[in-house]
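Student: All residue numbers for the sequence shown refer to the numbering used here, where the first residue is 13 and numbers rise by one. Using N, Cα and C, we set each Cβ at its ideal position, and we do this for glycine too. What you are looking at is a predicted structure, and each value in this text was computed from that prediction instead of being measured. Dumping the structure here so I can ask a few things about it.
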Amino acid sequence: AVSSSSSSRARDDGARFATTPTTASRRAWTRAIETRARGDARAAHVARAQTPSAETKTEGRGPGGAGRGGGGSSDGDGDDEYVVDVDYPEWVPEFLRFNREDIATVLITFAVSLGFRHFVAEPRYIPSLSMYPVFDVGDRLIAEKLTYRFNREPMAGDVVIFNPPKTPKTMKVSNEVFIKRVVAVAGDTVQVKRGELFVNGVSRGKELKLEPIKYQYGPFTVPEGDVFVMGDNRNNSFDSHVWGPLPKNRIIGRATAKYWPPNKIGGLPSYAAASVGAPELK
């Protein structure tokens, strides 16, 4: 019985030791828990430091913030990385691999440029002396395209750029761009005689003429839908006195101003309604 009681007491003491820790064991357990808690707190702090908050991400996309749009730090998780979302062939160089947004921007800019050149205005340069002294070789000008579409018809004195009509004498150059001055419109009678240009019997364009005209022409009446164009340098110009009148539908635009060279920037000289100093044609 004693033996049995001792054994039972021993088991109870053992059970009590297992379930009721001593003071030393309680202290060790407490220290372990505190150490683990400090470790978890430190890990959470590090994680928060490495992960940008929503506010930080928002600022990174605004002026002065981080990322491509601002001047802030570039240590983010990819805000500064240029993402190419198009599959290019291997032979395309890296510097030509744009994403869809940039491709759209380039295409829109190109389309606007072409539209402006086709419908509004375009630059041109002077390749010959046919319009000297008003235009010299190498001069550059702006030709606008709105006046004849929405405002008025070509009139005498206008400097126009155009494609020559398709005639036996212009077949090889009919797609090139010429620049001449309109000297007569539909219904006018043109004649060159005694070194002067006469329109409806009145001397025209003498103030822009370089020298007396050395050929004879006409009289010729300009048909409906056409204009008569000549170079200011009459003796060195391939114009209507050679290949005939110019259909208005071949006109591209009207020259309005020079922009090169710098000392010639500005508008074009005026064309008098009728020059004086030459005798009327009889």
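1. Measuring alpha carbon to alpha carbon, tell me which residue in Leu108, Phe174 and Pro105 is nearest Ser322.
2. Who are Phe232's beta bridge partners in DSSP?
3. Rounded to the nearest angstrom, what separates Leu258 and Ala269 at their Cα positions?
4. Gly243 by DSSP, collapsed to three states: which one?
5. Val194 and Val172: beta carbons closer than 9 Å?
6. Among the residues of its own chain, which have a CB less than 8 Å from the CB of Pro235, if the five just before and after it don't count?
7. In whole angstroms, what separates the C-alpha of Leu158 from that of Glu208?
8. Considering Trp255, what are the terminal residues of the alpha helix (DSSP H) in which it resides?
9. So does the region 133-147 actually touch the region 114-123, counting three or more Cβ pairs closer than 8 Å?
10. Using the C-alpha atoms, what's the distance from Val104 back to Ile263?
11. What's the C-alpha gap between Val146 and Glu156?
12. For Lys260, name the three-state secondary structure that DSSP assigns.
13. If I measure Cβ to Cβ from Tyr144 and keep anything under 8 Å in the same chain, skipping five residues before and after, which residues do I get?
14. Mind checking Tyr283: buried by the 16 CB within 10 Å criterion, or exposed?
15. Going along the chain, which residues of its own chain have a beta-carbon closer than 8 Å to the beta-carbon of Val132, five neighbours each way excluded?
16. Report yes if the C-beta distance between Val211 and Tyr229 is below 9 Å; otherwise report no.
17. Thinking C-beta only, is Leu153 closer than 9 Å to Ile191?
18. Measure the alpha-carbon distance for Thr201 versus Phe162 and round it to whole angstroms.
19. By DSSP's criteria, Ala133 is part of a beta bridge. Which residues make up the other side?
20. If you run the structure through DSSP and keep just helix, strand and coil, what is Ile138?
21. If the criterion is Cβ atoms closer than 9 Å, does the pair Ala196 and Arg216 meet it?
22. With 16 as the cutoff for other CB atoms within 10 Å, does Val239 come out buried or exposed?
23. Out of Ala267, Pro274 and Tyr94, state which residue places its alpha-carbon closest to the alpha-carbon of Leu280.
24. With distances taken Cα to Cα, identify the nearest neighbour of Tyr160 among Trp272, Lys276, Asn261 and Phe128.
25. Does at least one heavy atom of the ligand HEM sit under 8 Å from the Cβ of Arg266?
26. DSSP puts Ala269 in a beta bridge; with which residues?
Tutor: On the basis of the data shown:
1. Not covered by the structure: residue 322. The range shown for the chain is 13 to 294.
2. Val202
3. Rounded to whole angstroms, the separation of the alpha carbons of Ala269 and Leu258 is 23 Å.
4. Reduced to three states, the DSSP call for Gly243 is coil.
5. yes
6. Ala198 and Pro257
7. 33 Å
8. Ser252 to Trp255
9. Three or more Cβ pairs closer than 8 Å define a contact, and the region 133-147 falls short of that threshold against the region 114-123.
10. A direct Cα-to-Cα measurement between Ile263 and Val104 gives close to 42 Å.
11. 18 Å
12. helix
13. Taken in chain order, the residues that qualify are Leu222, Asp244, Asn245 and Asn248.
14. buried
15. Glu156, Lys157 and Leu158
16. no
17. yes
18. Distance between Thr201 and Phe162, taken at the CA atoms: about 27 Å.
19. Its beta-bridge partners are Glu156.
20. coil
21. yes
22. The residue is buried, with at least 16 neighbouring Cβ atoms inside 10 Å.
23. Ala267
24. Asn261
25. Looking for the ligand HEM in the displayed structure turns up nothing, as the structure carries no ligands at all.
26. Ile154 and Gly279
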